[in-house]
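Undergrad: Using the numbering used here, read the sequence shown as starting at 406 and increasing by one per residue. Backbone N, C-alpha and C define an ideal beta-carbon position, used for all residues, glycine too. None of these values were measured; they are calculated from a predicted model.
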Amino acid sequence: MDMNTLNISATLNVFKLITRPALCLPHPQEHFQRLKDAYPGRRLLVVSNTAGALSLDTSGDLASAVEKSTGIHVLPHSSKKPGCGPDIMSYFLSHPETGVTKPQQIAIVGDRLTTDVMMANLMGSYAVWVKNGVVPVEETSVFARLEQRFAGFLQRKGYEAPKPISSFEE
406 MDMNTLNISA TLNVFKLITR PALCLPHPQE HFQRLKDAYP GRRLLVVSNT AGALSLDTSG
466 DLASAVEKST GIHVLPHSSK KPGCGPDIMS YFLSHPETGV TKPQQIAIVG DRLTTDVMMA
526 NLMGSYAVWV KNGVVPVEET SVFARLEQRF AGFLQRKGYE APKPISSFEE
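Written as structure tokens, this is what we have:
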């Protein structure tokens, strides 16, 4: 797979990201910088159901704060995840310098199965589920805890994610 054409849409905890970015970004900070160096410009994108979601962040203040804190563009979108896949594709198609022409060139990174991973599946993109984040499982929402249990149930039944296949190697 040509890693130069793969893009990552990361979902980050907006409030922690604004107030204490070191809590949300990969540790140590050099790893996050390496990610930004590997995917410069508009090749990294934050898609949040808070910052950039036009139903909640009507003024764009949260999106601006996240962009300032991370140096990564925040997508303004009218539909929350998992429904904003078309907005993500429109973004990348309107920025040809990213090299993205199809959803198979995008990896959605997130901590929720019913928003992030579902959106990636609906788009035909890759999904990277971050099972354990900065918040202990017992402190997450009831929905996040249910997702964790459901994922465990599926894994015990033998279900697993398909192996990624590069469209460049077919």
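CA-CA distance, T519 and K441?
TA: The sequence position of residue 519 within the sequence shown is 114, counting from 1. The sequence position of residue 441 within the sequence shown is 36, counting from 1. The straight-line gap from Cα to Cα measures roughly 27 Å.
Undergrad: Which one or two residues does DSSP pair with V479 in a beta bridge?
TA: As a working mapping, residue 479 is identified with position 74 in the sequence shown. DSSP, once it has assigned bridges, lists V451 as partnering V479.
Undergrad: Report the option in F555, C489, D521 and N526 whose CA atom is closest to the CA atom of Q509.
TA: As a working note, residue 509 is residue 104 in the sequence shown. Nearest of F555, C489, D521 and N526 to Q509, Cα basis: N526.
Undergrad: Is V514 helix, strand or coil when you go by DSSP?
TA: Locating residue 514 in the sequence shown gives position 109, where the first residue counts as 1. Residue state, collapsed to three classes: strand.
Undergrad: How would you write the range of the alpha helix (DSSP H) that Y496 sits in, first residue to last?
TA: In the sequence shown, residue 496 corresponds to position 91, counting from 1. G490 to L498 is the span of the alpha helix (DSSP H), which, as asked, contains Y496.
Undergrad: Can you give the beta carbon distance from V576 to V533, rounded, assuming they're within the 8 Å contact cut?
TA: Any property of residue 576 remains undetermined from this structure, which presents the chain solely from 406 to 575.
Undergrad: Between the Cα of H478 and those of S469, K486 and K485, spot the shortest distance and give me the residue it belongs to.
TA: In the sequence shown, the residue the question calls residue 478 occupies position 73. For H478, the nearest C-alpha among the options comes from S469.
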